[in-house]
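Take 1 as the starting number for the sequence shown in full-length UniProt numbering and just add one per residue.
Think of the CB as a built atom: it goes at the ideal place given N, C-alpha and C, for glycine as much as any other residue.
Bear in mind the structure is a predicted one, so any value in this text is a computation, not a measurement.
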Amino acid sequence: MDHDCYIPTTDLKRAIRDSAFSFGLNPDEVVTMISNIDQNGDKLIDVSEFCTLVSIFNRYLSLQRARVNHEDVGFKAKFFIPKFSFIALLSLYNILLGLPLELVHQWRVIVVYLAGVLCGSLLVSAVDPHVFLAGASGGVYALLAAHQAELIMNWREMEFNWIRAIILVILIGSDTAVSVYQRYFVDRVDRVSYVSHIGGFVAGNLLGVVILRNFRRHKWEARLWWASLVAFVFFIVICIVLIIAPDIIPGKRQYWPWLRARFGAYAANVQLDDPPPINLPSN
């Protein structure tokens with residue numbers, strides 16, 4: 001450093017680009033933010049120009065809250081449990097829900113479980129990336145949904161099918177109510193995402209129909225099998241598209257950070273400014 005109170009524009013742009021990902025910025029957003037910062041065109045950033053850049057940067061970050069990088073740690077979140085009581089509860093759920101399925105369907109259960117963890121992480125990254133993701137709730141809900149899929153595919157072959165259906169409805173309904181209340185009505189800083197429950201439940205239902213054993217095949221079950229397979233693939237594709245949408249859809253780079261910030265602010269009852277104008281590329 002030469003202590004001359006000036007920063008070369010090339011050095012500043014390089015430093016901002018290198019740290020852009022840490023602040024949730026993509027390269028195009030960085031270029032837009034720093035393109036007009038050198039107002040006098042001398043290739044140097046003085047104190048006033050630097051203060052202007054800082055004010056622009058702070059204004060942008062106020063719309064895009066720091067997000068948890070679910071793309072890197074989402075799948076690993078099943079190994080991270082915040083509390084010991086949570087460990088005991090998840091272990092109990094895994095035994096109660098997984099053991100009966102494993103006795104009948106063997107190795108197929110682990111495929112459904114891992115698919116639930118993956119789909120839960122993808123859905124959180126797509127629609128609710130501003131909260132923490134911890135535990136293996138997506139996998140547990142996949143096992144719960146697998147019981148429902150098994151009940152649908154083998155309804156006539158099962159004993160006490162109505163009793164099983166009533167128990168599943170009570171479990172799913174009560175847990176959904178508790179999850180919604182804790183996520184959207186409890187004022188906590190370290191809110192944990194419950195969207196992963198939805199992703200795991202969807203994966204368990206769809207993949208359960210596809211991969212679990214079917215004791216007696218019917219014609220309608222064959223159509224349901226193909227419909228579930230297509231829906232599962234479509235669900236994965238939609239989640240991936242929503243995650244990478246700012247990089248592939250024109251105009252999303254400007255609107256998407258505001259939209260995600262709006263989604264998070266809705267849960268916290270926070271008022272945000274109007275969305276920024278979308279500048280589509282000219283032909």
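Residues of its chain near residue 214, where Cβ-Cβ distance is below 7 angstroms and the 5 sequence neighbours each way are ignored
153, 154 and 221
Is DSSP giving residue 100 helix, strand or coil here?
helix
For the candidate residues 51, 50 and 123, whose alpha-carbon lies nearest to that of residue 237?
123
In this structure, how does DSSP classify residue 44 when only helix, strand and coil are distinguished?
DSSP places residue 44 in the strand class (E or B) of the three-state scheme.
Alpha-carbon to alpha-carbon, residue 239 and residue 125:
8 angstroms
Please confirm whether any heavy atom of the ligand COA lies closer than 7 angstroms to the CB of residue 117.
The ligand COA is not part of the structure shown, which contains no ligands of any sort.
When the Cα of residue 109 is compared with those of 139, 10, 180 and 164, which residue comes out closest?
139
Within the segment 144 to 231, ranges of the alpha helix (DSSP H) (whole runs, at least 4 residues):
161 to 184 and 195 to 211
Once you ignore the five residues that flank residue 210 on each side, which residues in its own chain have a CB closer than 8 angstroms to its CB?
225, 228, 229 and 232
Alpha carbon to alpha carbon, how far is residue 151 from residue 197?
20 angstroms
Any idea if residue 148 is buried or exposed, counting beta-carbon neighbours within 10 angstroms, 16 or more meaning buried?
Answer is buried; the Cβ neighbour count reaches 16.
Name the one or two DSSP bridge partners that residue 8 has.
44
May I ask you to report which of helix, strand or coil DSSP gives residue 136?
coil
Please name the residue in 106, 9, 141 and 43 whose C-alpha comes closest to that of residue 119.
141
Might you give, ordered along the chain, the residues of its own chain that have their beta carbon closer than 8 angstroms to the beta carbon of residue 243, omitting 5 neighbours on each side?
71, 122, 125 and 126
How would you label residue 45, buried or exposed, when you count the other beta carbons within 10 angstroms and need 16 or more for buried?
buried
Rounded to whole angstroms, what is the Cα-Cα separation between residue 10 and residue 179?
49 angstroms
In angstroms with no decimal places, state the Cα-to-Cα distance between residue 205 and residue 146.
6 angstroms
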